[in-house]
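Offset between the sequence shown (1-based) and my numbering: plus 13.
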Amino acid sequence: MAQAVEDNWNGPLSGLVITRYGHALPCRRIEVAEAGHPVPDQAGADATRRLLRLVDDADEDDLVICLISGGGSALLAAPPPGVSLADEQQVVRSLLRCGATIAELNCVRKHLSLVKGGRLATVASPARLVTLVISDVPGDDVSTIASGPTVPDPTTSAQAIAILSKYDLAVPHSVLSWLGAPASETPKPRDLPSGDVRMIATPQLAIEAAARLAAELGYMPVILGSAIEGEAREVATMHAGIARQIRAFGQPAAPPCVLLSGGETSVTVRGAGRGGRNAEFLLSLAIGLDGMAGVFALAADTDGIDGTEDNAGAIIGPDILSRVSPPSTAARCLAQNDGYGYFERAGALLFTGPTFTNVNDFRAILIDPPAEVGGR
Numbered sequence: 014m015a016q017a018v019e020d021n022w023n024g025p026l027s028g029l030v031i032t033r034y035g036h037a038l039p040c041r042r043i044e045v046a047e048a049g050h051p052v053p054d055q056a057g058a059d060a061t062r063r064l065l066r067l068v069d070d071a072d073e074d075d076l077v078i079c080l081i082s083g084g085g086s087a088l089l090a091a092p093p094p095g096v097s098l099a100d101e102q103q104v105v106r107s108l109l110r111c112g113a114t115i116a117e118l119n120c121v122r123k124h125l126s127l128v129k130g131g132r133l134a135t136v137a138s139p140a141r142l143v144t145l146v147i148s149d150v151p152g153d154d155v156s157t158i159a160s161g162p163t164v165p166d167p168t169t170s171a172q173a174i175a176i177l178s179k180y181d182l183a184v185p186h187s188v189l190s191w192l193g194a195p196a197s198e199t200p201k202p203r204d205l206p207s208g209d210v211r212m213i214a215t216p217q218l219a220i221e222a223a224a225r226l227a228a229e230l231g232y233m234p235v236i237l238g239s240a241i242e243g244e245a246r247e248v249a250t251m252h253a254g255i256a257r258q259i260r261a262f263g264q265p266a267a268p269p270c271v272l273l274s275g276g277e278t279s280v281t282v283r284g285a286g287r288g289g290r291n292a293e294f295l296l297s298l299a300i301g302l303d304g305m306a307g308v309f310a311l312a313a314d315t316d317g318i319d320g321t322e323d324n325a326g327a328i329i330g331p332d333i334l335s336r337v338s339p340p341s342t343a344a345r346c347l348a349q350n351d352g353y354g355y356f357e358r359a360g361a362l363l364f365t366g367p368t369f370t371n372v373n374d375f376r377a378i379l380i381d382p383p384a385e386v387g388g389r
């Protein structure tokens, strides 16, 4: 995003952007800092402090362009008074492991920050503020993407406390003390104008592009949704059921076709395995399909990183369960949240490296006709 601004900007320009480690691109006038994701680290806190100083120096004659994309919640790290970075890290790790949705996670993060939930906009005032957004969240809610640093926050501190209670999380006393204080409340719509916010890329646009390509290749695209949420393994079970219906009855579409979906599933961590939500989805899908002929699937995070691993996702076919012995290995790995481990052994991991964009997860299930009716 910073490169694109530089390539298309003719006037004076300076600034700072923060991205995750390994995802930086060379810029001429904009400084690029790298930091931790999905758990914030000291590098992110240091870069955020410098970013806030830059924005605070802007006056009414300046234009502040905010480039917002998924991952910003972790990269913009500014714990409030009395809450240490270690305290925030503990809370984020707990929420990532318990199966909380991205909206729930970001509600808490917004109220544990001096930059999220509209607070960056208050620092930028009185400068003119324009926010360019790439969405990575279901529904494209701009107040959730990167925890909405430049827009008013409709959630409350009380809701953040309720989320921590819902999942019965043990959190530092400093966190509960801050959330119970009036100062933890974020700017609300009545306090902060929404400003000039422009959505430039979304998961729906990505799904529609994939649908056009599928049609060109002779596969009927069936878009199941671009904002699908829920436990990854349960979403996979639903996808497997639709694939079975198509193979058996040609409903809701006759093969050859491809099921397309996006969104952000969650994983409740029960075991000690490796693997992001896309690996979890695919392993559950493979078990649900049970070697069904003519069905192939891909699931990946569009930024090239599935959770905290080095892969984007994985690819499966009818033979995936036979690649690793014994046959019970797949179920055992799923119970341990070890999708990465299973697909590594099966040679099915997908590596893309950083893609330098992020429009959430992408899933495609390709279904060929049964062989007796002209399968490919």
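Virtual Cβ for every residue (Gly too), placed ideally from N, Cα, C.
Residue i versus residue j - alpha carbon distance
i, j, result
"residue 48", "residue 239", "28 angstroms"
"residue 334", "residue 243", "24 angstroms"
"residue 30", "residue 159", "13 angstroms"
"residue 207", "residue 22", "24 angstroms"
"residue 247", "residue 75", "49 angstroms"
"residue 197", "residue 171", "10 angstroms"
"residue 330", "residue 78", "45 angstroms"
"residue 112", "residue 73", "43 angstroms"
"residue 203", "residue 354", "49 angstroms"
"residue 284", "residue 106", "15 angstroms"
"residue 364", "residue 263", "33 angstroms"
"residue 44", "residue 37", "10 angstroms"
"residue 472", "residue 267", "Any property of residue 472 remains undetermined from this structure, which presents the chain solely from 14 to 389."
"residue 167", "residue 230", "44 angstroms"
"residue 358", "residue 42", "44 angstroms"
"residue 103", "residue 109", "10 angstroms"
"residue 372", "residue 122", "20 angstroms"
"residue 186", "residue 54", "20 angstroms"
Local conformation of residue i per DSSP, three classes
i, result
"residue 369", "coil"
"residue 341", "coil"
"residue 61", "helix"
"residue 374", "strand"
"residue 97", "coil"
"residue 318", "coil"
"residue 37", "coil"
"residue 240", "strand"
"residue 387", "Any reading at residue 387 needs caution, since the residue's pLDDT is 44, under 50, leaving its predicted position unreliable; the model's value is listed next. It is coil, neither helix nor strand."
Distance cut-off 7 angstroms: residue i Cβ against heavy atoms of the ligand NAD
i, result
"residue 183", "The ligand NAD is absent from the structure shown, which contains no ligand whatsoever."
Run of the beta strand (DSSP E) containing residue i, from where it starts to where it stops
i, result
"residue 29", "28 to 33"
"residue 326", "326 to 329"
"residue 399", "Absent from the structure is residue 399, since the part of the chain shown begins at 14 and ends at 389."
"residue 314", "308 to 314"
"residue 48", "43 to 48"
"residue 77", "76 to 81"
Where the alpha helix (DSSP H) through residue i begins and ends
i, result
"residue 358", "352 to 359"
"residue 18", "15 to 21"
May I have a chain-ordered list of the beta strand (DSSP E) segments no shorter than 3 residues that lie completely inside the region 168 to 234? Entirely contained in the region 168 to 234, the beta strand (DSSP E) runs reaching 3 residues are, in chain order, 209 to 214.
Okay, do the region 89 to 107 and the region 135 to 147 touch, 3+ Cβ pairs below 8 angstroms being the bar? Three or more Cβ pairs closer than 8 angstroms define a contact, and the region 89 to 107 falls short of that threshold against the region 135 to 147.
Validate contact between the region 336 to 349 and the region 312 to 320 using beta carbons, cut 8 angstroms, 3 pairs: In this structure the region 336 to 349 does not touch the region 312 to 320; the number of beta carbon pairs closer than 8 angstroms is below three.
What alpha helix (DSSP H) runs, 4 residues minimum, are completely inside the region 260 to 304? You should have 290 to 302.
Does the contact criterion of 3 or more C-beta pairs under 8 angstroms hold for the region 376 to 384 versus the region 266 to 278? Yes: the two stretches touch, three or more of their Cβ pairs being nearer than 8 angstroms.
Does the region 280 to 295 touch the region 320 to 330, meaning 3 or more C-beta pairs lie closer than 8 angstroms? Segments in contact, yes.
Note down, one range per segment and in chain order, each beta strand (DSSP E) of at least 3 residues found wholly within the region 105 to 162. Qualifying beta strand (DSSP E) stretches, in chain order: 141 to 147.
Any 3 or more C-beta pairs closer than 8 angstroms across the region 200 to 217 and the region 249 to 269: No, they do not touch.
The region 126 to 136 touching the region 181 to 196, judged by at least three CB pairs closer than 8 angstroms: Verdict: no, contact absent.
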